[in-house]
Amino acid sequence: MSVPSLKTLLCAVTVFITPFAFASEENPSPEQRISVAGSQASIAGPEQLFTGAARIDPLFPGTNAINASGAYVTFEPGARSAWHTHPRGQHIIVTQGVGLTQEWGKPIQQIKAGDVVWCPPGVKHWHGAAKKTAMTHLVVTGQDEEGKNVSWMEKVSDEQYHSH
């Protein structure tokens, strides 16, 4: 994919998710609020940012009170994210299945249901399903002052993915 088309895609994805990523409460309510399960549409992981089938189920946007967003992400067997970083870090809680994660320059690590991964700010990494097993994780991702929560990079090659 050429750099101009990747930039165009990233702009389109940013415009698409902006209402979710930048949502904040102008006048926060002092009472609990329940977000009904399934009330937000699932988003297919864009093929330019994911290899294989991935689905994102948004749970909550960042707010003035808590500057982090949350979502479930489900990866079918062999699916994975592209390399990326987070400006304020990310917690990954594996809820189902078996997955893989890798920091740039380090070996791939297996993660499974119940495991919790902390990815510090600015650490280049990827995560996804194992080769033969799907994986779902809950992510809680910090946002910077502009509401940005991720910087996408190149896709994980098949050679990188199969290197473990």
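Under mature numbering (1 follows the signal peptide of the UniProt record, and there is no 0), the residues of the sequence shown are numbered -23 to -1, 1 to 141, in order. Note that the Cβ used here is the ideal one computed from N, Cα and C, for glycine as well. Since the model is a prediction, treat every value here as computed from it, not as a measurement.
Considering Cα atoms alone, identify which of the options is closest to residue i.
i	options	result
Leu36	Glu123, Ala48, Ala30, His63	Ala48
Ala18	Gln137, Gly66, Arg32	Arg32
Asn44	Trp60, Lys132, Val117, Lys89	Val117
Gly119	Glu8, Ser46, Ala14	Ser46
Phe27	Glu136, His63, Glu131	Glu131
Glu24	Val75, Trp129, Ile11	Trp129
Val100	Ala111, Val93, Lys83	Lys83
Gly22	Ala30, Ser16, Ile88	Ala30
His68	Asp135, Ile88, Cys96	Cys96
Asn126	Ala59, Pro98, Val75, Pro7	Pro98
Lys109	Val75, Glu80, Thr51	Val75
Ile70	Ile88, Thr62, Glu80, Ser12	Ile88
Glu80	Ile20, Thr62, Asp92	Thr62
What is the residue span of the beta strand (DSSP E) that residue i lies within?
i	result
Glu80	67 to 80
Gln86	86 to 89
Ser16	Per DSSP, Ser16 belongs to no beta strand (DSSP E) and is neither H nor E.
Gly47	45 to 52
His141	It is not in any beta strand (DSSP E) - His141 carries neither H nor E in the DSSP assignment.
Gly119	112 to 119
Asp34	31 to 37
Please list, in chain order, all residues of the same chain as residue i whose beta carbon is under 7 Å from its beta carbon, the five residues on each side excluded.
i	result
Phe(-2)	Here Phe(-2) scores only 43 on pLDDT, less than 50, and its place in the model should not be relied on; the value that follows carries that caveat. Once the five neighbours on either side are set aside, the close Cβ partners of Phe(-2) are Gly124.
Tyr138	Arg57
Val133	Thr28, Arg57, Ala59, Trp60, Trp103
Asp92	Val71
For residue i, which residues of its own chain have a beta-carbon under 8 Å away from its beta-carbon, when the five flanking residues on both sides are left out?
i	result
Thr72	Tyr49, Ala90, Thr113, His114, Leu115
Asp121	Pro64, Arg65
Arg10	none
Glu136	none
Ser12	Leu36, Phe37
For residue i, report the span of its alpha helix (DSSP H) as first-last.
i	result
Asp135	135 to 138
Given residue i, which residues of its chain have a CB within under 6 Å of its CB, disregarding the five upstream and five downstream residues?
i	result
Glu2	Because Glu2 carries a pLDDT of 48, less than 50, the predicted location of this residue cannot be relied on, and no value is offered for it.
Lys(-17)	At Lys(-17) the pLDDT is 44, less than 50, meaning the model places this residue with poor confidence and gives no usable figure here.
Gln86	Thr78
His141	Ile85
Pro(-20)	Low confidence applies here, because Pro(-20) scores a pLDDT of 47, under 50, leaving its location unreliable; read the following figure in that light. Once the five neighbours on either side are set aside, Pro(-20) has no close Cβ partner at all.
Thr51	Arg32, Thr113
Ile20	Ile33
Inset, instruction - Report yes or no: do the stretch 104 to 117 and the stretch 49 to 59 share at least 3 C-beta pairs separated by less than 8 Å? - result: yes
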